[in-house]
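In full-length UniProt numbering, the protein residues as written are 1 to 1028. Built from N, CA and C at the ideal position, the CB exists for glycine as well. In what follows, a single structure is set out as structure tokens and then discussed.
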């Protein structure tokens, strides 16, 4: 009797969409059930719905929908629409080690287009995987050595499915064009032995209906869904030599609604076929159709013996390897287990029998076939014609294969949609969650510090899928849909009328926002938060020209100001992978060159906001089989990236143009490794999911190794801090921690010096106090570690190592301490060699500030002119006493000069360079070297030099007369001639003596009249008539 009305255990495992299910058949005692769906998840569940001794596991390695899963007794392989084929190795749970689970080995392939199916070879212990994607090429790769690749060509449209023979190296592929191709894979090249044309339904690549050719366990029969919505049974060879026989690959029977009717109680299904699967011993075939029914066909009688109604369209079927149980998943994301499918009255579907091909005999079929063939003899429809030529085939290794693989664009610290929820962003400010409400979304922001920022929520009718958070607000973006363009929307945390408000921008038609970054110094809020010294409005001279960066699908980088005004557009011409920004610049990561299955090639740009200058550019240090998963910037402006292998890299010398280099700052797998005796062989049980970085710590969420993303529907995650630790080579040495500490502190001191020199701001790490952030103090901590290394090296008679550590010292005082250590161990020769380090160390100390400013000061005046503080205009100074020689010296440009105040060291460097260019020479007059008034900034007059205590200022009722710098006087040649013959100090002394001579009024009057000259020659001018 039918059991359509019986209640079956139902479990919701995925979100609505196409789902897959598969039993693992590694052993009869320990069987797992694997499901996958459009929520990017793969779940490993117990085979029994009531089992409590098996821990369910979740694998979240995929970034897009899971399209296929396949398993054998050793491996589990998954395919997803992100183009990746991931291989897992079974390690089923046991009582001894209940935490042991299936683990990911490698990514077998990365395709450009979505992968629709992957099939594992079943006739060998070293299987190959047939990978079918929307391309016209089938790639057959060894799962143990993915470099061994065979390419099969011949399909005219995308390949939807493929399946291997259980007994022979034969592969059957099914294309979207309705053709079936049989491939002989016994050789390394592979060849097509048969083409069965126009039998399959022509389906879209993403269709929920199936095109899979299902093999009978005997390997001598194929069940194929036909375009007539029936199931065709085709014969297959027992030996490889029969594969090219004309008698093979012929349809021997059809399972249709008319032939399968045995009673009204078990009527066959009708409609398109969505899934089919043979039972373990091949006696029965389970078929799911679009009328939401599952029928169990008996192959020997070709009748329906069982049927069951389903709640939705079934897209995945799998028989239990050792029990009378059938599991399926549907488009509602539900998993259903049908126990006792056949019952005790029917032959068991799983008992151990000698698997043989069923004897299918239809009376009169042979004669009918010959009669039909005779009707089409000598016509284009005659299928007895010569077999069509084999398609061109080739074999290429991974190193020479011409494929283009692109890493998908992602937003840092965001998750895909999981159970109608997703994190648009998680940062040190809080969490930003999007909740799908079918007709709209609800955006919820939860702050970690509600005293600084309030929680809020709003209804989103645009469908924002990208977001970037900064101290001043949040930047959103959505994709274009139908006639609606892609929209960029900015929402500040505090809406201040006239200063900071919301704004939105619609991108041009056909252009979508693919990545966002919010940073810069806005006109409110951010600067105070960055320095933690209060809140309020920021000086407008500090506001960045751009605070928002948007990457688009057309390869554009669009920069927007605090009000939404577009300040710059950059046609990058390459697909952007991700963006990150801070108060001073933005990190742009883009696809620079085609990647391979072995390595991903990404490039980066570090762009400064003030003048759009490229500070650094190059390639990212991604290792083999690793991809980029996160990018960010710390408070010092240092970029950082995180790869899929758990390695964090930071960009050292980021503020020195063209000198940046990536440093492995933290190996999270090593940092999270259990502290046990076998720590080297024990894998960590948790993994890092970064959300931010400081100069000293990585801020991340700790997730189980089987979980790729945090669950948005769960409690708000707690942020963990991991101290940075450089990836050193020798880990078991006692001096390694000291070497790492010395190097890390030295790099931090250098980063602080560079950031302060480049920005003119007193930047410091957030986790350190002002005293601890002093570069001199950090150098002292590094030197303490180096002195310990010197002591250990001297004790171990490793004098060269002690000398190397001495060369790395930063001050003369610590060098004296190193000399004392050498003398304590009675090493005079080592002390003599250390003494030779003193001179270059002193020179380095003296010129360290200047070297830092020069290293960070390329084009300083151009890049930081907007950051210069312009002093207020000051009134003209009173006229000096004309008879004082020191006053005359200052008037002629030889007095002390006060440099112009500037908040930026780079700007001071540029002004110093300008002053050097304008400095007078002894042979020039003030008229020769003084720049014209039009070249000086009118809004920023130079401040008057300070008045010395012994200088007496004479009151003046009239302003001083400004001399024309371009005018020539009649005595200029004579004065220059006098400069050549008389010393400067002799003329000054003569001038002082002439001042004391008050009796000669004519000489005093002549000297006063000649003092109008603004040259040094006027002090020593002597009339020839007086000498006479």
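For this session: Would you mind reading off the limits of the beta strand (DSSP E) that contains residue 174?
Result: First-last of the beta strand (DSSP E) with residue 174: 170–175.
Exercise. Does the beta carbon of residue 505 sit closer than 7 Å to a beta carbon anywhere in chain C?
Worked result: Absent from the structure is chain C; it holds one protein chain and no more.
Exercise. Apart from the five residues on each side of it in sequence, which residues of its chain come closer than 8 Å, Cβ to Cβ, to residue 135?
Worked result: 111, 112, 113, 158 and 159
For this session: Flag this pair as yes or no: are the beta carbons of residue 585 and residue 607 separated by less than 7 Å?
Result: Closer than 7 Å, so yes.
Exercise. Are the Cβ atoms of residue 619 and residue 603 separated by less than 7 Å?
Worked result: yes
Exercise. Among 753, 407 and 328, which has the Cα closest to the Cα of residue 601?
Worked result: 407
Exercise. Using the C-alpha atoms, what's the distance from residue 777 back to residue 670?
Worked result: 29 Å
Exercise. Which parts of the UniProt domain "WDHD1/CFT4 helical bundle" (738–838) are runs of the alpha helix (DSSP H), unbroken and 4 residues or longer, counting only runs that do not cross its ends?
Worked result: Here the runs fully enclosed are 775–795, 799–807, 812–824 and 828–835.
Exercise. Exposed or buried, residue 802, counting other C-beta atoms within 10 Å across all chains shown (16 or more means buried)?
Worked result: buried
For this session: Pick out whichever of 247, 267 and 320 has its Cα sitting closest to the Cα of residue 281.
Result: 320
For this session: Can you say whether residue 128 is buried or exposed, counting buried as having 16 or more other CB atoms within 10 angstroms of its CB?
Result: buried
Problem set entry | CA-to-CA distance, residue 761 to residue 847, given in whole angstroms | 21 Å
For this session: Can you have a look at residue 415 and say buried or exposed, based on whether 16 or more other CB atoms are within 10 angstroms of its CB?
Result: buried
For this session: Report yes if the C-beta of residue 339 is less than 6 Å from at least one heavy atom of the ligand FMN; otherwise report no.
Result: Among the ligands in the structure shown, none appear at all, so the ligand FMN cannot be discussed.
Exercise. Using the rule of at least 16 other Cβ atoms within 10 Å of the residue's Cβ for burial, across every protein chain shown, is residue 632 buried or exposed?
Worked result: buried
For this session: Tell whether a beta-carbon distance below 7 Å holds between residue 1114 and residue 429.
Result: No answer is possible for residue 1114: it lies beyond the span of the chain, which begins at 1 and ends at 1028.
For this session: Can you grab the Cα-Cα spacing for the pair residue 912 / residue 483, in whole Å?
Result: With a pLDDT of 44 at residue 912, under the threshold of 50, the modelled position of this residue cannot be trusted; read the value that follows with caution. Rounded to whole angstroms, residue 912 to residue 483 spans 57 Å at the Cα level.
Exercise. In chain order, what residues of the same chain lie with their CB nearer than 6 Å to the CB of residue 444, ignoring the 5 residues before and after it?
Worked result: 433 and 457
Problem set entry | Span of the beta strand (DSSP E) around residue 130 | 128–133
For this session: Could you tell me whether the Cβ atoms of residue 748 and residue 756 are closer together than 7 Å?
Result: no
Exercise. Looking at the structure shown, is residue 721 part of a helix, part of a strand, or coil, going by DSSP?
Worked result: Collapsing the DSSP output to three states places residue 721 in a strand.
Exercise. Among 148, 790, 834 and 132, which one has its Cα closest to the Cα of residue 126?
Worked result: 148
Exercise. For residue 675, is the classification buried or exposed, using 16 other Cβ atoms within 10 angstroms of its Cβ as the cut-off for buried?
Worked result: exposed
For this session: Going by CA-CA distance only, name the one from 338, 765, 436 and 686 that's closest to residue 7.
Result: 338
Problem set entry | Terminal residues of the beta strand (DSSP E) in which residue 441 lies | 441–447
For this session: Assuming residue 10 and residue 75 form a contact by the criterion Cβ under 8 Å, report the distance between their Cβ atoms to the nearest whole angstrom.
Result: Going by Cβ atoms, the distance from residue 10 to residue 75 rounds to 29 Å, so no, they are not a contact pair.
Problem set entry | Inter-residue CB distance, residue 821 and residue 794 (contact presumed, cutoff 8 Å) | 6 Å
Exercise. Is the Cβ-Cβ distance between residue 471 and residue 488 less than 7 Å?
Worked result: no
For this session: Could you pull the start and end residues of the alpha helix (DSSP H) that residue 481 belongs to?
Result: Neither: residue 481 is in no alpha helix (DSSP H) and is coded neither H nor E.
Exercise. Taking the continuous beta strand (DSSP E) assigned at residue 141, which residues delimit it?
Worked result: Start and end: 137–142.
Exercise. How big is the Cα-Cα spacing for residue 172 and residue 182?
Worked result: CA-to-CA, the gap between residue 172 and residue 182 works out to about 5 Å.
For this session: Check residue 11 in the structure and name its three-state DSSP category.
Result: strand
Problem set entry | Whole runs of the alpha helix (DSSP H) within the segment 217–246, excluding any shorter than 4 residues | none
Exercise. In whole angstroms, what is the alpha-carbon distance linking residue 474 and residue 773?
Worked result: 30 Å
Problem set entry | Exposed unless 16 or more other CB atoms sit within 10 angstroms - verdict on residue 573 | exposed
Exercise. Is it a yes or a no for the segment 249–257 touching the segment 272–280, going by three-plus beta-carbon pairs under 8 Å?
Worked result: In short, these stretches do not touch, since the Cβ pair count stays below three.
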